[in-house]
Every structure is written in structure tokens, then in C-alpha cells.
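One structure below.
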Amino acid sequence: MINNRFMRTQALIGGKAMQKLQNSTVMIVGLGAVGGYALEGIARSGVKKLILVDFDCFDETNINRQILALSSTIGQKKTDVAFERVKQINPTCEVVLMDMFVDKNNVDKLVGLKPDFVIDAIDSIKPKCELIKALIDNNVDFISSMGAALKTDTSTIKIANLNQTQNCTMARSVRQNLKKLNVDLKKVVCVFSNEICRLPDSAITENENGGKQILGSLPTITAIFGLMMANYVIQKLIEK
């Protein structure tokens with residue numbers, strides 16, 4: 360019998376497709392601005408198991424764009440906050456937490472958990488590329504997020520293969536790094552925005568001596584990135 364929480368979903372997609380979702384395991388790597396919204400969509404789809412990967416804690420600067428960031432969650436581990444939210448949405452969902460920074464030394468551990476689908480919402484280039492390579496090498500289905508910062512036009516957000524991306528600084532860096540790793544860019548499905556943007560004069564820096572630039576972002580853009588990824592995963596799981 361279908362859980363009443365998900366009866367509206369089953370009414371749309373049918374019992375057979377709903378059963379596929381309820382037998383699926385999804386891994387989400389990165390629980391920040393994009394990953395948090397991806398988690399929201401996947402958790403509410405009724406999947407059987409979630410594997411949540413992040414090393415960070417919430418701080419006040421996350422509140423403008425991260426759905427899991429609240430006054431009450433500042434200082435808490437992102438994985439712990441995500442666990443509580445998932446359990447409020449679907450108490451029967453099995454949730455595995457991985458408090459770790461992804462690198463080449465532990466990507467095989469993630470792949471070894473055998474998820475049916477992986478959502479890559481990592482915002483650092485090198486770890487992102489190491490994960491992507493491992494997923495492709497092991498034939499694990501995934502979708503990857505490119506850069507959502509400095510974007511304002513929701514109509515420019517698309518899903519495509521990485522070799523088809525345009526006007527995205529992160530995508531360019533990822534392409535360059537993956538080529539060095541001999542990864543076929545046509546095998547990398549990603550969400551990105553092709554909006555042309557320029558770093559505004561008002562960009563904040565971490566110190567007066569010209570430290571690392573903090574790129575502005577809107578909650579509407581990061582939400583759409585994350586939810587588009589979640590929807591893509593739901594559709595692909597149903598098709599399997």
C-alpha cells in the first residue's frame with residue numbers, strides 16, 4: 360500500500376514507477392545551496408535510501424541561499440541537519456551520513472556504496488573532477504552541477520552534456536581538468552546556466568588586501584539548479 364505522503368506522486372506517475380523510486384538509493388554529494396534543494400526534491404519523491412556526503416557546518420552567510428541553513432542550524436553539521444529534515448519528510452527513508460571532504464583517496468569508498476544515482480553538488484573543482492572520473496570509470500549514473508553564482512536569469516538554466524556548456528566559468532575549469540584525466544566530456548550530464556555575466560564591482564572580498572572573492576548568488580537560482588537535478592534523477596530512476 361502506498362504511503363499517503365506520496366499518494367499524489369503515485370497518482371501522477373503510476374504504481375510501477377512509484378515502486379521503482381521506493382527501491383532506489385540516491386547519493387547527494389554537497390549539501391549546500393544547490394545540494395540542499397536537490398535533497399528536498401529527492402526526499403519528497405519517496406526514495407528508499409539516501410547517502411548524504413558533506414564535511415561542512417552551517418554559518419550565517421549560508422542563510423540567503425541554502426534551504427537547510429536557519430538561525431537554529433548555524434554551527435551544526437550539514438549532514439546532521441539534512442538527516443533530521445529527511446526524517447521529518449519520510450521517516451521510513453534509510454539515511455547514511457558521510458562526514459567527509461571528497462578527494463581522490465576516498466571517491467572509491469563512495470562508489471563502493473553502490474548508489475543507483477549520484478547528484479554531484481560539490482563546489483570545488485578538484486574534488487568534483489575526482490568524483491566525476493570515479494563515477495564514469497565505475498558506470499555509476501550521475502548528474503553534476505556547474506556554477507550558479509553571478510546568475511540571475513532563470514530562463515538560461517539548462518541540462519546538457521558538459522561539452523555543450525557555455526558562459527560558465529566553473530564548467531570551463533571542470534572541462535579542462537577532466538580532459539587532463541582523460542574523461543569523455545560527453546559522458547558528463549550537468550545543469551548549468553549559459554547567461555553571460557561579469558563579476559560586479561561590488562563583489563565582496565575576505566580582506567582589505569584583496570583576498571578570495573566571494574561571488575554573489577540568489578536563492579532562486581540555486582533552488583532551480585537543485586530541483587532540476589532532482590527532477591532529472593527522478594525521471595531517470597523511473598525509466599530504469
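Taking my numbering, the leading residue of the sequence shown gets 360, the next gets one more, and so forth. The C-beta atom is built at its ideal place from N, Cα and C for all residues, glycine as well. Keep in mind the model is a prediction, meaning the values are calculated, not measured.
Using 8 Å as the threshold, is the C-beta distance between residue i and residue j below it?
{"i": "A590", "j": "G394", "result": "The amino acid at residue 590 is misidentified as Ala; the sequence shows Asn. Not closer than 8 Å, so no."}
{"i": "G405", "j": "N362", "result": "yes"}
{"i": "A441", "j": "L398", "result": "yes"}
{"i": "I583", "j": "I516", "result": "yes"}
{"i": "P450", "j": "I410", "result": "no"}
{"i": "I495", "j": "K546", "result": "yes"}
For residue i, count the other beta carbons within 10 Å of its own beta carbon; 16 or more makes it buried, fewer makes it exposed. Which is it?
{"i": "F476", "result": "buried"}
{"i": "T581", "result": "buried"}
{"i": "M529", "result": "buried"}
{"i": "I502", "result": "buried"}
{"i": "L371", "result": "exposed"}
{"i": "Q381", "result": "buried"}
{"i": "Q594", "result": "exposed"}
{"i": "D479", "result": "buried"}
{"i": "T511", "result": "exposed"}
Kindly give me the distance between the Cβ atoms of residue i and residue j, rounded to whole angstroms, as I take these residues to be in contact under 8 Å.
{"i": "C488", "j": "A519", "result": "With a Cβ gap of about 18 Å, C488 and A519 do not count as contacting."}
{"i": "L427", "j": "R444", "result": "6 Å"}
{"i": "Y396", "j": "L586", "result": "5 Å"}
Checklist entry - Counting pairs of Cβ atoms below 8 Å between the stretch 501-519 and the stretch 406-422, do you hit three or more? => result A contact between stretches requires three or more CB pairs, one per stretch, nearer than 8 Å, and the stretch 501-519 fails this requirement with the stretch 406-422.
Next on the checklist: Can you confirm whether the stretch 571-582 touches the stretch 423-441 when touching is taken to mean that 3 or more C-beta pairs between the two stretches lie within less than 8 Å?
Outcome noted: In short, these stretches touch, since the Cβ pair count reaches three.
Checklist entry - Of all the alpha helix (DSSP H) runs that stay within the bounds of the stretch 385-413, which reach a length of 4 or more residues? => result Correct list: 392-402.
Item to check | Runs of beta strand (DSSP E) lying entirely within the stretch 488-565, each at least 3 residues, in chain order | outcome: Secondary structure remark: continuous beta strand (DSSP E) runs of at least 3 residues inside the stretch 488-565, in chain order: 501-504, 516-520 and 548-552.
Item to check | Three or more C-beta pairs below 8 Å linking the stretch 481-499 and the stretch 533-544 | outcome: Contact holds: three or more Cβ-Cβ distances are below 8 Å.
Checklist entry - Residue ranges of each alpha helix (DSSP H) run of no fewer than 4 residues wholly in the stretch 430-495, ordered along the chain? => result Entirely contained in the stretch 430-495, the alpha helix (DSSP H) runs reaching 4 residues are, in chain order, 437-448 and 466-470.
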